[in-house]
Amino acid sequence: MGKEQELLEAARTGNVALVEKLLSGKKGILGSGSGSIPLPSLLSMWKGLNVNCTDSSGYTPLHHASLNGHREVVLKLLQFEASTNVADSKGCSPLHLAAWRGDVDIVRILIHHGPSHCRVNQQNNERETALHCAAQYGHSEVVSVLLQELTDPTMRNSRQETPLDLAALYGRLQVVRMLVSAHPNLMTSHTRRHTPLHLAARNGHHSTVQTLLEASMDVNCVTENGSALHEAALFGKMDVVRLLLDSGIDINLRDSQERTALEILGNILHRNPSRSLLLSKIIRWTRWRGGVLWKSLFASVPSLHLERVSPLPLPPPPSDTRMML
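In the working numbering, the protein residues as written are 17 to 341.
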């Protein structure tokens with residue numbers, strides 16, 4: 017095994033003593049009782065070993081140490097002028113990996129202790145920043161640090177997703193709250209493909225949807241897929257359907273194909289009668305909210321009769337217009 021391979025393996029396994037010995041170039045220097053040696057002297061002892069050497073994945077020793085949570089190795093590598101901005105084969109810097117892992121200590125070290133300025137907004141091959149990585153996996157402490165370091169939360173990845181979009185998509189409630197509190201402008205910045213509300217509704221993240229609505233996200237915002245109600249209904253997220261209806265969403269909104277949410281459900285039922293229970297619940301919740309839309313459902317499936325959809329009698333509308341399960 018060559019020296020560079022030894023260094024990469026030592027960083028991966030957290031062997032700080034071997035890392036220092038390889039980089040100092042003087043065996044036996046540690047624990048010899050000779051006292052501390054100034055860093056410039058250590059650096060001059062060994063000029064042949066590249067602290068930023070890479071393996072087949074493009075990982076440097078700093079990538080390995082950051083990914084595996086070896087704090088002392090990270091500090092030692094930075095003392096020997098390891099770069100925080102080298103990208104691996106996927107375009108990820110050590111900061112991406114530490115953020116993905118949720119290691120807030122190493123994130124802080126990479127930002128503040130490196131000899132080079134750590135580029136906190138560096139994007140990988142998927143155009144994701146470290147903030148995208150932390151937000152997607154719900155690492156709220158890392159998100160907090162990155163926001164303090166002026167990471168740009170409006171940057172979009174190759175799928176046009178912001179960190180808030182990813183947090184909403186995966187139901188990372190605390191991160192969603194942090195992002196909308198720190199950057200309210202994110203609530204009005206979205207693409208034609210999706211909003212954070214649509215992504216949360218699609219995946220049934222009730223608390224996330226509620227948080228976004230409480231933060232004044234437009235419940236009636238329409239994308240090419242329709243409203244958030246289209247998303248929740250299509251994917252069978254009944255708690256979210258009810259929440260959106262109770263929030264006053266316009267049930268006559270249409271998607272890019274001019275379909276309402278219940279028209280989509282009618283088509284689903286026509287192809288798959290086993291979904292009738294799902295549809296009957298939506299009908300119960302929307303019958304007194306939008307008669308025109310309710311009728312359009314049955315128009316889309318001419319053979320559909322009420323008794324086929326729901327074997328139980330439909331309850332009368334409650335006096336406060338809120339449906340009780």
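C-beta: ideal position from N, C-alpha, C; glycine also.
Note that the coordinates shown come from a computational prediction; the quantities given were computed from them, not determined experimentally.
Asked	Found
Give the single residue among ASP71, GLY41 and SER40 whose Cα lies nearest to the Cα of LEU24.	ASP71
In whole angstroms, what separates the C-alpha of VAL257 from that of ALA248?	6 Å
DSSP on GLY41, reduced to helix/strand/coil?	coil
Look at the alpha carbon of HIS214 and the alpha carbon of GLY85, and state the distance between them as a whole number of angstroms.	35 Å
Quick one: is PRO200 buried, meaning 16 or more other Cβ sit within 10 Å of its Cβ, or exposed?	exposed
As an exercise, report each continuous alpha helix (DSSP H) stretch of at least 4 residues that is fully enclosed by the stretch 158–222, in chain order.	179–185, 189–198 and 212–218
Apply the 10 Å Cβ neighbour rule to ALA216 and answer buried if 16 or more other Cβ atoms are within range, or exposed otherwise.	buried
How many angstroms separate the CA atom of LEU182 from the CA atom of VAL102?	25 Å
Given a cut-off of 8 Å on the beta-carbon distance, is the pair GLN176 and THR207 in contact?	yes
Could you have a look at GLY282 and say whether DSSP puts it in helix, strand or coil?	helix
In whole angstroms, what separates the C-alpha of HIS79 from that of ALA98?	10 Å
Using DSSP with H/G/I as helix, E/B as strand and the rest coil, what is THR70?	coil
Looking at the strands, I want to know which residues DSSP matches up with THR239.	GLY242
Run the CB neighbour count on ARG287, radius 10 Å, all protein chains shown included, and call it buried at 16 or more, exposed below.	exposed
Could you tell me which of GLY30, PRO77 and ASP262 sits nearest to LYS19, measuring between CA atoms?	PRO77
For GLY242, count the other beta carbons within 10 Å of its own beta carbon; 16 or more makes it buried, fewer makes it exposed. Which is it?	buried
Beta-carbon separation of VAL123 and LEU111 under 8 Å?	yes
Considering only residues of the same chain and omitting the five flanking positions on each side of ARG218, which have a CB-CB separation below 6 Å?	GLU247 and PHE251
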